[in-house]
Each structure stands twice: as structure tokens, then as C-alpha cells.
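> Residue numbering for the sequence shown follows the numbering used here, starting at 179 and increasing by one per position. Even for Gly, the Cβ is constructed at its ideal location relative to N, Cα and C. This is the structure, below, for whatever I ask next.
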Amino acid sequence: MNNSRSQKIRKLVLIAIFTALSTVLYHLKFPLPMLFPSFLDIQFSNLPALIGGLVLGPLSGVTIVVLRGLLKLPFTSTMGVGELADVLIGIGAVLGSSLFYKYNRTKKGGAFALLISTVSWIIVAVLANYLIIMPFFIKLYGFDTVFGLIEKVIKGINKENFMAYYIIYAVIPFNLLLSTMVNLVTYFVYKKVSILSKEFYEGKS
Numbered sequence: 179m180n181n182s183r184s185q186k187i188r189k190l191v192l193i194a195i196f197t198a199l200s201t202v203l204y205h206l207k208f209p210l211p212m213l214f215p216s217f218l219d220i221q222f223s224n225l226p227a228l229i230g231g232l233v234l235g236p237l238s239g240v241t242i243v244v245l246r247g248l249l250k251l252p253f254t255s256t257m258g259v260g261e262l263a264d265v266l267i268g269i270g271a272v273l274g275s276s277l278f279y280k281y282n283r284t285k286k287g288g289a290f291a292l293l294i295s296t297v298s299w300i301i302v303a304v305l306a307n308y309l310i311i312m313p314f315f316i317k318l319y320g321f322d323t324v325f326g327l328i329e330k331v332i333k334g335i336n337k338e339n340f341m342a343y344y345i346i347y348a349v350i351p352f353n354l355l356l357s358t359m360v361n362l363v364t365y366f367v368y369k370k371v372s373i374l375s376k377e378f379y380e381g382k383s
């Protein structure tokens with residue numbers, strides 16, 4: 179087996195490992211019911227995808243996100259809509275940052291890449307909630323049921339300002355908190371994971 183083929187196989191193995199970790203972390207989730215609606219769960223599934231994208235490149239990062247979404251489909255409770263939104267948000271978190279870092283592989287470049295990840299994560303999350311997630315949940319469960327879950331934690335929300343308040347006081351702060359947590363962990367563990375991954379990729383381990 180030549181070296182190029184061996185490295186391709188090792189890269190696929192790394193993608194599989196990051197995908198498996200991402201899928202496991204998705205199921206280790208918890209709500210913050212005093213701060214956000216109960217259906218917004220804290221989970222760190224984008225962490226391995228983001229690290230994978232920075233280590234292996236943008237296409238690999240996106241592949242990890244998509245594979246995770248496909249692995250979650252058999253267990254969906256939202257007819258695939260939640261998984262679609264999750265994939266879009268994951269791609270938003272991974273693609274821009276890993277693409278930037280690919281051409282700016284410095285400590286400062288890494289920090290800026292994670293800032294890009296946070297901003298794009300929030301933008302895609304807002305669009306996904308506005309265009310996909312919330313319309314789906316309202317159609318599935320009815321407006322009054324969804325509104326009842328949200329009004330418990332967002333003061334001043336009513337049927338007229340519902341979407342604006344939900345985006346401003348739930349979606350944006352929730353995803354800002356989650357993306358910041360994920361990106362901080364990424365910043366501190368990336369170097370070690372990168373070294374181990376490179377050694378494996380080059381056949382040194």
C-alpha cells in the first residue's frame with residue numbers, strides 16, 4: 179500500500195472518530211430551564227466537528243457534521259427537521275472558521291477563526307429558527323403550546339412580538355453562550371488534538 183493511499187485511509191479513520199465523538203456528545207445534553215425555553219438544550223456535538231475541521235480541513239469538518247446528522251435521523255422526534263437545522267448550524271459553525279484557518283495557521287489565526295465560528299453559528303441559528311425550526315414546531319404542536327413554553331422564561335413576550343422576542347432573548351443569547359463554550363474548549367485542546375491527529379495521519383503512532 180503506497181503512502182498516499184495509507185494517508186487517505188487514516189484521514190477517513192480520523193473523520194469516523196470525530197463523527198462518533200460528535201454523535202455521542204449530541205446525546206449528552208441538558209436544558210437551562212431558568213434561562214431558556216426547555217427545548218433549547220446545551221450539547222457539545224459541534225466540538226469534535228469544529229476541531230476536525232480545523233485539523234483536517236473544511237470539507238472534512240462539513241462531512242463530520244453531515245454524517246452526525248444522518249446517524250441521528252433514525253432517532254428523530256421532529257421528522258428530520260431538527261436534524262436538518264442542526265446540520266445547517268453545524269456547517270455554519272465549522273465551514274467559515276476552518277476555511278479561514280486553512281490559510282492562516284497561526285495562534286492569532288486560530289483565535290480569529292473561532293470568532294468567525296461564533297458569529298456564523300449565531301447567524302445561521304437565527305435563520306434556522308426563524309425559517310425552519312419555529313414554523314415547524316408551531317405547525318406540529320400549535321402556537322399556544324409553543325408560546326406557553328417560551329413565555330415561562332421570556333418576560334414581556336406576547337403574540338404580536340413573539341418571534342422577535344424569541345430570537346432576541348432566547349436564540350441569540352443561547353447560541354452565543356453555547357458557541358462561546360465550544361470555541362473556548364476548542365482553543366485550549368486544539369493543539370494537543372492536532373499533534374495526535376497529525377502523528378496518526380503520518381503513521382507515527
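Drop a sphere of 10 angstroms on the beta-carbon of E377, count the other beta-carbons inside from all chains shown, and report buried for 16 or more, exposed for fewer.
exposed
> Considering only the beta carbon of each residue, do V297 and V265 sit closer than 8 Å?
No, these two residues do not count as a Cβ contact at 8 Å.
> If you reduce the DSSP assignment to three classes, tell me which class I220 lands in.
strand
> Say whether the segment 223-232 touches the segment 181-201, bearing in mind that this needs 3 or more beta-carbon pairs closer than 8 Å, one atom from each stretch.
yes
> Can you give me the C-alpha to C-alpha distance between N307 and T364, rounded to a whole angstrom?
For N307 and T364, the distance between alpha carbons rounds to 25 Å.
> What is the DSSP secondary structure of P211, counted as helix, strand or coil?
coil
> Are there 16 or more other CB atoms within 10 angstroms of the CB of R183, so buried, or fewer, so exposed?
exposed
> Comparing alpha-carbon positions, which option in G231, I301 and F253 lies nearest S276?
G231
> Scan the segment 225-301 and note each continuous alpha helix (DSSP H) run of 4 residues or more that stays entirely inside, going in chain order.
236-250 and 259-280
> Between which residues of its own chain and V302 is the CB-CB distance below 8 Å, once the five residues before and five after are set aside?
L266, I267, I269, G270 and A271
> In angstroms with no decimal places, state the Cα-to-Cα distance between N181 and K189.
12 Å
> Excluding the five sequence neighbours on either side, which residues of its own chain have a C-beta within less than 7 Å of the C-beta of Y379, listed in chain order?
Excluding the 5 residues flanking it on each side, Y379 has same chain C-beta neighbours closer than 7 Å at Q185, R188, K189 and L192, in chain order.
> Between N282, A194 and F217, which has its C-alpha nearest G326's C-alpha?
F217
> Measure the CB-CB distance between N353 and I294 and report whether it falls below 8 Å.
no
> Output yes if chain B places a C-beta closer than 8 Å to the C-beta of A342; else output no.
Considering every chain present, this structure includes no chain B. It has just one protein chain.
> Nearest-angstrom Cα distance between F196 and G239?
9 Å
> Measuring alpha carbon to alpha carbon, tell me which residue in V367, G258 and N336 is nearest F315.
G258
> Going by C-alpha to C-alpha distance, which of N336, F278 and P351 sits closest to V304?
P351
> Please state if the CB of F208 and the CB of A348 are separated by a distance shorter than 8 Å.
The answer is no: Cβ separation not under 8 Å.
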